[in-house]
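Numbering (our numbering), first residue to last: 14 to 144. Idealized CB from N, CA, C, for every residue including glycine. For clarity, every value in this text was computed on a predicted model and none was experimentally measured.
Put into structure tokens, the structure is as follows:
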């Protein structure tokens with residue numbers, strides 16, 4: 014995760030969440046543009062994703078996968094609000110974070126992102142839970 018930027022002089026704090034098969038590195042073109050405009054930017058590597066130190070084979074749940082984003086939002090100072098940006102499957106993590114941290118989210122931006130209702134479960138999910 015790249016959490017650079019000067020929080021005291023920034024306009025907004027953007028948290029960028031990558032999609033499937035990517036990592037925080039995928040924001041390499043947007044990162045300097047946002048920072049160059051005076052914004053603080055944090056790029057999250059979701060657990061097991063490219064760039065993450067977590068073995069992908071060890072991630073067994075969505076909560077584990079999204080833990081780096083949850084940890085970042087949990088660590089925000091009181092009163093700080095961020096703009097979440099999710100790409101592709103990163104939209105699921107953004108939706109999850111919006112429900113957990115509604116008071117810390119100023120805005121959410123979905124870029125060609127998955128948007129499912131919070132708590133959505135497939136038939137297979139239900140079978141796995143009830144088995």
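- With a contact defined as Cβ atoms closer than 8 Å, residue 36 and residue 65 qualify at about 7 Å.
- Secondary structure note for residue 67: it is in no beta strand (DSSP E), with a DSSP letter that is neither H nor E.
- According to DSSP, residue 28 shares a beta bridge with 55, 97.
- Within the same chain, Cβ atoms closer than 7 Å to the Cβ of residue 106 are found at 30, 59, 79, 82, 99, the five residues on either side in sequence being excluded.
- Looking at the DSSP output, residue 123 shares a beta bridge with 99.
- A Cβ-Cβ separation of about 12 Å leaves residue 57 out of contact with residue 44 under the 8 Å criterion.
- Less than 9 Å divides the Cβ of residue 118 from the Cβ of residue 110.
- Your pair residue 102 and residue 32 checks out as a contact, with CB atoms roughly 5 Å apart and the cut at 8 Å.
- The beta carbon of residue 77 sits closer than 7 Å to those of 60, all from its chain and outside the five residues before and after it, given in chain order.
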